[in-house]
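K.L.:
Quick note: to get this note's numbering, add 7 to the position in the sequence shown (first position is 1).
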Amino acid sequence: MTDTTYEDTALTWRDLIDELTAEQIAELEEFEAQPSDSCFVQAGLLKDARQYAAWNATDRVLFGHMPKPTDAKDTGHWRQDGEHWHRLFWGTERVCHSAECECDHDDDVVCDGVGKVDVVGQQFSDGLISRHVDLRSRDLDAPGCRRLTAALLSAAEELDRLHAAEVQPELPFGA
Ligand SMILES: [Zn+2]
């Protein structure tokens, strides 16, 4: 074998570790720890790591100047759709518990939430932000209906308030 050939390619996913977030590394390590055919696992891990590194680089280089929407708890990666760039984001969550749920008082209790009202949205590279409410519910009794209604009204007010504050967004490419 010769060592004169230089290849600018990672051989394992760990060669890309400096370009990954702590969350991505934890996810890949968890996948790597699962017992299965190591050859396929390693190939899959490298493929995922390359994709994550590419997304991270795009986020940083092309869109590092874009602030997150004010209500965003989490954002996805920037993606190109035709000639438009956008990213998904996740805002305020409203969980409606049953009357008996003890999850607020005891960390060991699994929440029996009967409804969930989440504000989610898309941010576009020209500064436009659009939001909607993602609603899930199950087994609603009368009190559950009232809690879900209150959560929906609260979410509607939040949407109005955020939209009014963003009617004239600052131009993202000003400076
Ligand atoms: Zn609960």
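Here a beta-carbon is modelled for each residue, glycine too, at the ideal position from N, C-alpha and C.
1) Do the CB positions of V102 and K80 come within less than 8 Å of each other?
2) Helix, strand or coil: how does DSSP classify L69 here?
3) Would F47 be called buried (16 or more neighbouring beta carbons within 10 Å of its own) or exposed?
4) Take the Cβ of G89 as the centre, count every other Cβ of all protein chains shown within 10 Å, and call the residue buried at 16 or more, exposed below.
5) What separation, rounded to the nearest whole angstrom, lies between the Cα atoms of G83 and D111?
6) Could you check which residue in T28, S43, L52, C118 has the C-alpha nearest to that of A17?
7) Just list the alpha helix (DSSP H) runs in the region 69 to 101, keeping only unbroken ones of 4 residues or longer that don't cross its boundaries, in chain order.
8) Just the Cα atoms here: how many angstroms apart are K54 and S132?
9) Taking L35 as the reference, which of W20, S45, N63, D25 has the closest Cα?
10) Consider the C-beta atom of G120 and the heavy atoms of ligand 1; say whether any pair is separated by less than 7 Å.
11) Determine the contact status of A56 and L27, defining contact as a CB-CB distance below 8 Å.
12) Starting from D125 and walking both ways along the beta strand (DSSP E), at which residues does that stretch end?
13) Answer yes or no: do V117 and D78 have a C-beta to C-beta separation smaller than 8 Å?
14) Excluding sequence positions up to five away, which residues of its chain have a Cβ less than 7 Å from the Cβ of D114?
15) Considering only the alpha carbon of each residue, which of P76, Q31, E37 lies closest to G134?
16) Between L23 and A60, is the Cβ-Cβ spacing less than 8 Å?
17) Identify the continuous alpha helix (DSSP H) that holds H170 and give its terminal residues.
P.N.:
In this structure, then:
1) no
2) helix
3) exposed
4) G89 should be labelled exposed.
5) Linking G83 to D111 through their CA atoms gives a straight-line distance of about 29 Å.
6) L52
7) For the region 69 to 101, there is no continuous alpha helix (DSSP H) assignment of 4+ residues that stays within its boundaries.
8) 27 Å
9) W20
10) yes
11) yes
12) Where D125 is concerned, the enclosing beta strand (DSSP E) starts and stops at 122 to 131.
13) no
14) Here the set comprises nothing.
15) P76
16) yes
17) Per DSSP, H170 belongs to the alpha helix (DSSP H) from 149 to 172.
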